[in-house]
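J.: For the sequence shown, counting from 1, position 52 maps to 53 in the working numbering; every step adds exactly one.
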Amino acid sequence: MNLAIVGATGNVGREFIKVIEQRGFKYDDLRLFSSARSAGSCVVVNGKEFIVEELTEGAADGIDIALFSAGGDISKTFAPIFAEKGALVIDNSSAWRMDPAVPLVVPEVNPQDAKLHKGIIANPNCSTIQSVVALKPLQDAFGIKRVVFSTYQAVSGAGMAGITDLEQGLLGKPPANFKHPIAGNLIPQIDVFTDNGYTKEEMKMVLETRKIMGLPNLRVTATTVRVPVLNSHSVSMNVELESAFDMADVFKVLREGAGLVVQDDPASRLYPMPLNASGTDEVFVGRIRRDESVEFGLNLWCVADNIRKGAALNTVQIAELI
């Protein structure tokens with residue numbers, strides 16, 4: 002099996018390599034691709050040196066699975082080329098997520114959809130991934146009527162430029178990436194605004210949640226906020242369920258949920274935090290409590306590493322499914 006990584010020198014591309022090494026993902030040959038700027042650099046994978054190649058149309062020859070994380074424009078151009086030459090592309094950009102012919106997959110939630118691919122599978126938005134992992138067992142047990150997302154997203158979600166802005170901002174320097182300082186601040190905008198007043202990031206969470214969970218009419222809304230945290234996204238979820246529930250049953254189904262870890266002990270101040278989630282594979286949930294303002298309401302606090310589970314790990318897990 003011949004594996005390719007497109008965008009191998011970026012944040013997520015490097016995490017692809019780390020995940021592949023740690024999980025023992027098997028391949029016969031590996032090729033690493035990037036833009037011309039990074040081509041020629043040397044990367045060590047599983048103790049072997051690989052020279053990063055420039056991405057061209059010929060790069061697709063002989064590839065069986067290609068993990069893409071090089072941005073939407075590159076994906077729109079090259080993913081069909083790889084697919085036409087027989088490769089399965091698993092793409093981490095937003096380019097294909099809402100294409101009705103392309104499965105949008107989180108292995109703990111809708112693994113069956115991966116089998117419907119026609120050469121391309123899309124990896125969802127980072128905040129959506131962790132959220133639906135937590136929502137899946139609740140949907141199966143009680144049904145979900147409505148969800149309100151409020152996100153607290155780390156600067157690593159904006160790439161190295163976001164990380165640099167935070168680091169430089171802590172030294173008192175002005176931002177180069179964000180429109181406002183992020184150090185000591187919150188920015189209630191991620192991506193550009195759309196005509197309805199929501200940002201593209203917020204609409205991704207709405208539309209992707211519906212598609213992944215197979216609930217096209219689910220009532221969902223979101224507010225996404227950039228916070229001065231280096232890594233790992235947090236999401237506050239207000240969930241209105243379809244049926245009555247006992248809190249003991251809620252805890253039980255969440256503890257049994259695939260990929261979930263419950264951290265919820267108010268007496269000992271145990272709850273998920275981004276500092277503890279960084280570098281881990283799991284999605285952590287806590288602050289689980291009844292919303293007493295509505296019938297069948299529930300509040301959850303959900304945290305996960307956005308570069309790992311929110312991007313690289315989920316992509317590799319999809320490849321493992323195939």
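We treat Cβ as the ideally placed atom computed from N, Cα and C, and that holds for glycine.
Are the beta-carbon atoms belonging to A223 and M206 less than 7 Å from one another?
T.: It is a contact, given that the beta carbons lie within the stated cut-off.
J.: If distances are taken between C-alpha atoms only, which option among M161, G8, A155 and R24 comes closest to V90?
T.: G8
J.: Since L33 and E54 are thought to touch, with beta carbons under 8 Å apart, how far apart are those beta carbons, to the nearest angstrom?
T.: 7 Å
J.: What residue does the beta strand (DSSP E) around D65 start on, and which one ends it?
T.: Premise fails: D65 is in no beta strand (DSSP E) and is neither H nor E.
J.: With contact counted as at least three CB pairs below 8 Å, one residue from each stretch, are the stretch 161 to 177 and the stretch 270 to 285 in contact?
T.: no
J.: Counting only runs of 4+ residues fully inside the stretch 159 to 211, write out the alpha helix (DSSP H) ranges in chain order.
T.: 160 to 170
J.: Just how far apart, CA to CA, sit M248 and S132?
T.: 19 Å
J.: Residue ranges of each alpha helix (DSSP H) run of no fewer than 4 residues wholly in the stretch 32 to 120, ordered along the chain?
T.: DSSP runs (the alpha helix (DSSP H)) wholly in the stretch 32 to 120: 73 to 85.
J.: Alpha carbon to alpha carbon, how far is L314 from L167?
T.: 25 Å
J.: May I have the straight-line CA-CA distance separating A159 from T225, to the nearest angstrom?
T.: 13 Å
J.: Once you ignore the five residues that flank F51 on each side, which residues in its own chain have a CB closer than 8 Å to its CB?
T.: The residues are L31, R32, L33, C43, V44 and V45.
J.: When you compare only the Cα positions, how much space is there between F179 and G163?
T.: Cα to Cα, the separation comes out at about 7 Å.
J.: Indicate the three-state DSSP secondary structure (helix, strand or coil) for E241 in the structure shown.
T.: strand
J.: Hey, would you say D39 sits closer than 7 Å to T78, going by beta carbons?
T.: For clarity, residue 39 is Ser in the given sequence; the question names Asp instead. No. Outside cutoff.
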